[in-house]
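To start, the structure under review is shown below, and the notes come after it.
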Amino acid sequence: MPLPSGVSARFSVCVYCGSRSGTRPAYEAAATQVGTLLAEHGWRLVYGAGDVGLMGAVARAAQSGGAETFGVIPQHLVDREVGKTDLTQYIVTENMHERKKVMYMNSDAIVVLPGGAGSLDEFFEVLTWRQLGLHQKPIFLLNTEGYWDPLMQMIRHVITEGFAEETLLSYVDVVDDAPALSAALAARSRTTLA
1 MPLPSGVSAR FSVCVYCGSR SGTRPAYEAA ATQVGTLLAE HGWRLVYGAG DVGLMGAVAR
61 AAQSGGAETF GVIPQHLVDR EVGKTDLTQY IVTENMHERK KVMYMNSDAI VVLPGGAGSL
121 DEFFEVLTWR QLGLHQKPIF LLNTEGYWDP LMQMIRHVIT EGFAEETLLS YVDVVDDAPA
181 LSAALAARSR TTLA
């Protein structure tokens, strides 16, 4: 269905990532590259609204390039994650469940950068929803320096042990670097906005 006159299509990318920077400089460098590529393509960043760790790096890079930024943070994390109030849109939710729902509902694709338990929680939620047929959004793991290799081994183990179908692997696209992610997202944005 065509958009009304004067309304432009916008591809929105939800980025899940750590509120810490991790031990390797490559993690923050990759987060910065992701924010930059979003801006270069004119895509909107949807993320957890923090100004710390990889979250802050991706948001600052996106902002520097002129990208729209849509941040969602629960009230109890505003101080801990340093809520970034200078975003295009800044939303404070009552809890984590609302945060994840708002981020998911406002995105066309999911990208998971290195992160901890929170990023894994977000990843497994959207993966489970995809497995259940609740959405068709692509899920990309940015596998900076092999960070997600153990996770993919675990998913294969789950399949081998009979707790999931082989199709589970088809719901996750593993990309090694920002240029590969950029190409994969560009292909998806063309089909989403067509």
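1 is the number of the first residue of the sequence shown in our numbering; add one for each residue after it. Quick reminder that beta carbons are idealized off the backbone N, C-alpha and C, glycines included.
Where residue i falls: helix, strand or coil (DSSP)
{"i": "Thr-93", "result": "strand"}
{"i": "Leu-142", "result": "strand"}
{"i": "Phe-124", "result": "helix"}
{"i": "Leu-45", "result": "strand"}
{"i": "Ala-58", "result": "Note that residue 58 is Val in the sequence shown here, rather than Ala. Helix at Val-58."}
{"i": "Pro-114", "result": "coil"}
{"i": "Asp-173", "result": "strand"}
{"i": "Tyr-27", "result": "helix"}
{"i": "Thr-69", "result": "strand"}
{"i": "Ala-109", "result": "strand"}
{"i": "Gly-133", "result": "coil"}
{"i": "Tyr-104", "result": "helix"}
Distance between residue j and residue i (C-alpha atoms, nearest Å)
{"i": "Ile-155", "j": "Gln-136", "result": "19 Å"}
{"i": "Gly-225", "j": "Ala-62", "result": "What is shown of the chain runs 1 to 194, which leaves residue 225 out entirely."}
{"i": "Gln-89", "j": "Thr-160", "result": "43 Å"}
{"i": "Glu-28", "j": "Gly-50", "result": "14 Å"}
{"i": "Thr-93", "j": "Lys-84", "result": "14 Å"}
{"i": "Leu-141", "j": "Val-126", "result": "12 Å"}
{"i": "Asp-177", "j": "Ala-30", "result": "7 Å"}
{"i": "Val-169", "j": "Leu-151", "result": "Note on identity: in this sequence residue 169 is Leu, with Val being the wrong assignment. Each residue's Cα considered, the two are about 11 Å apart."}
{"i": "Arg-24", "j": "Phe-70", "result": "27 Å"}
{"i": "Gln-75", "j": "His-97", "result": "12 Å"}
{"i": "Ala-117", "j": "Cys-14", "result": "17 Å"}
{"i": "Arg-10", "j": "Met-103", "result": "15 Å"}
{"i": "Asp-121", "j": "Pro-179", "result": "26 Å"}
{"i": "Thr-36", "j": "Tyr-147", "result": "21 Å"}
{"i": "Ala-236", "j": "Ile-139", "result": "This structure does not reach residue 236, given that the chain is present from 1 up to 194, and the question cannot be answered."}
{"i": "His-157", "j": "Asp-86", "result": "43 Å"}
{"i": "Ser-182", "j": "Tyr-16", "result": "16 Å"}
{"i": "Asn-143", "j": "Arg-60", "result": "21 Å"}
{"i": "Asp-149", "j": "Leu-134", "result": "26 Å"}
8 Å contact criterion, which residue i and residue j should meet: CB distance rounded
{"i": "Val-82", "j": "Val-52", "result": "5 Å"}
| said: Three or more C-beta pairs under 8 Å: does that hold for the region 177-194 against the region 103-115? | reply: yes
| Using 8 Å as the threshold, is the region 27-42 in touch with the region 52-70, meaning 3 or more CB pairs across them? | Taking one beta carbon from each stretch, the region 27-42 and the region 52-70 have 3 or more pairs nearer than 8 Å; the two touch.
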